[in-house]
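Residue numbers (the numbering used here): 618 to 770.
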């Protein structure tokens, strides 16, 4: 999947094979089997081209990662606590990326130009993270562009 996502275009077994062979010895049939398995699991779609197929990712790597995070978060009996623990594991660079993402999702607000959008708070509810529980209303809301279902699950 890494190569299919990286190239962001329909690929043939031969193209993936030649790229993989730069790193290690691998058989054509192995690559063909893996791509066929990915197709059967719904991760890639394929289109016939002569006697071969071209494979293309069904969703982006970012959408897949978002779906994984959403699935893991939805399994928690305390979503707010799970988020606090997750944020605590993040590097400063990851926290900044999260802040930027929240700002993008929230938008500039009514009557404000995009460039003047204030920094969005990452977590609006005050929480204590020294092993104490985090109160949560238990409500979760969907967001625009919700993550797709995970294929093969």
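Each residue gets a CB set at the ideal place from its N, CA and C atoms; glycine is no exception.
(request) Classify residue 641 as helix, strand or coil using the three-state DSSP reduction. (result) coil
(request) Kindly provide the ranges of any beta strand (DSSP E) runs that are 3 or more residues long and lie completely inside the stretch 648-685, ordered along the chain. (result) 661-666, 669-674
(message) Does residue 660 pass the burial test, meaning 16 or more other C-beta atoms within 10 Å, or should it be called exposed?
(response) buried
(request) Taking residue 777 as the reference, give the member of 712, 696, 709, 672 with the closest Cα. (result) This structure cannot speak to residue 777, because the chain is shown only from 618 to 770.
(message) Could you compute how far the alpha carbon of residue 637 sits from the alpha carbon of residue 625?
(response) 17 Å
(request) Report back the beta-carbon spacing between residue 645 and residue 634 to the nearest angstrom; my notes put them in contact at under 8 Å. (result) 5 Å
(message) From the DSSP secondary-structure annotation, give me the bridge partner or partners of residue 628.
(response) 672
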